[in-house]
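Undergrad:
Number of protein chains: 2
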Amino acid sequence: MTELRADRPRWRQVYEIIAARIADGTYRRGVRIPSVRGLQEEFGIAVTTGQKVMDRLRDDGLIYTEPGLGSFAGPPPDDDPS
Amino acid sequence: MTELRADRPRWRQVYEIIAARIADGTYRRGVRIPSVRGLQEEFGIAVTTGQKVMDRLRDDGLIYTEPGLGSFAGPPPDDDPS
DNA sequence: ACCCATTTGTGCGTATGTATA
DNA sequence: TTATACATACGCACAAATGGG
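So the sequences go chain by chain: B and Y. Okay, so the first sequence: first residue is 1 according to the working numbering, each after it adds one. Okay, so the second sequence: first residue is 83 according to the working numbering, each after it adds one.
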């Protein structure tokens, strides 16, 4: 369980860790990143805190999300079967 | 108490109502918009839902926030006494 | 068609800390 | 000191979508 510091918001620290993993290729484009409950287990944060991290990552275009499936690194693919 | 519909997320409906009030000049630039608890009373939403509305409005540059004071319509003024 | 597990999305309540007046 | 207001963070619950049996 990765420890977080107390001097900065927990959601921001987790955000930066995930963002760094995307940047350095740990999570390659199209690869599934940990679920909200995965973040919960790895960092000891609450569900709502994990949701906030996901929201921000998505807003900033670092991940895309498929409801019911998970969230994935990088920009969304061009399949839009509407 | 403004009623919200059930077909779309409550936080999004409130977001759009506030955004519309800023766009049409109901809340002019620099004017204080309702607090989270103000939204709670006007729309019957939870504190956390109101917070989410504020977060989005801020992220989208529609408001700025002064902790302890409130949130205000429009872009932040250029006073940054850091 | 059905159940079940996983995952995201939404929404509620609550508590504590910090900043301002 | 008190009141107001935002920021962070927790827990919980339910809905909807997905995929495997």
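Glycine included, every Cβ here is placed at the ideal spot set by N, Cα and C.
#1: With a threshold of 8 angstroms between beta carbons, is D106/Y in contact with chain B?
#2: At what residues does the beta strand (DSSP E) containing G120/Y begin and finish?
#3: Taking only beta-carbon atoms, is D141/Y less than 8 angstroms away from chain B?
#4: Compare the C-beta of P67/B with all C-beta atoms of chain Y and state if any pair is closer than 8 angstroms.
#5: Could you tell me if A46/B is buried or exposed, where buried requires 16 or more neighbouring beta carbons within 10 angstroms of its beta carbon?
#6: Where does E98/Y fall in DSSP's three states?
#7: Suppose the cutoff is 7 angstroms on Cβ atoms and the five residues either side in sequence are ignored; what does the same chain contact list for V36/B look like?
#8: For the region 86-103 of chain Y against the region 58-77 of chain B, are there 3 or more C-beta pairs whose distance is under 8 angstroms?
#9: Any idea which residues DSSP pairs G152/Y with across the strands?
#10: According to DSSP, is R32/B part of a helix, a strand, or is it coil?
#11: The alpha helix (DSSP H) that contains M54/B, what's its start and end?
#12: Would a C-beta distance cut-off of 8 angstroms place R94/Y and A155/Y closer than the cut-off?
TA: Well, looking at it:
#1: Translated into positions along the second sequence, residue 106/Y becomes position 24. No, its Cβ sits nowhere closer than 8 angstroms to a Cβ of chain B.
#2: As a working mapping, residue 120/Y is identified with position 38 in the second sequence. Here G120/Y belongs to no beta strand (DSSP E); instead the alpha helix (DSSP H) covers V118 to F125.
#3: The residue you call residue 141/Y lines up with position 59 of the second sequence. Answer yes: the Cβ-Cβ gap between D141/Y and chain B drops below 8 angstroms somewhere.
#4: Here residue 67/B refers to the residue found at position 67 of the first sequence. No, because no Cβ of chain Y sits closer than 8 angstroms to the Cβ of P67/B.
#5: Counting from one through the first sequence, the residue named residue 46/B turns up at place 46. Looking at its Cβ environment, which holds fewer than 16 other Cβ atoms inside 10 Å, A46/B is exposed.
#6: If you number the second sequence from 1, residue 98/Y lands on position 16. Residue state, collapsed to three classes: helix.
#7: The residue given as residue 36/B occupies position 36 in the first sequence. Answer for V36/B: V47, G50, Q51 and M54, listed in chain order.
#8: Touching, no.
#9: Mapped onto the second sequence, residue 152/Y falls at position 70. Note: G152/Y sits in a beta bridge opposite E148/Y.
#10: The residue labelled residue 32/B in the question sits at position 32 within the first sequence. DSSP places R32/B in strand when its eight states are reduced to three.
#11: Translated into the one-based positions of the first sequence, residue 54/B becomes position 54. Counting along the chain, the alpha helix (DSSP H) containing M54/B begins and ends at V47 to D59.
#12: Here residue 94/Y corresponds to residue number 12 of the second sequence, with the count starting at 1. Here residue 155/Y corresponds to residue number 73 of the second sequence, with the count starting at 1. It is not a contact, given that the beta carbons lie outside the stated cut-off.
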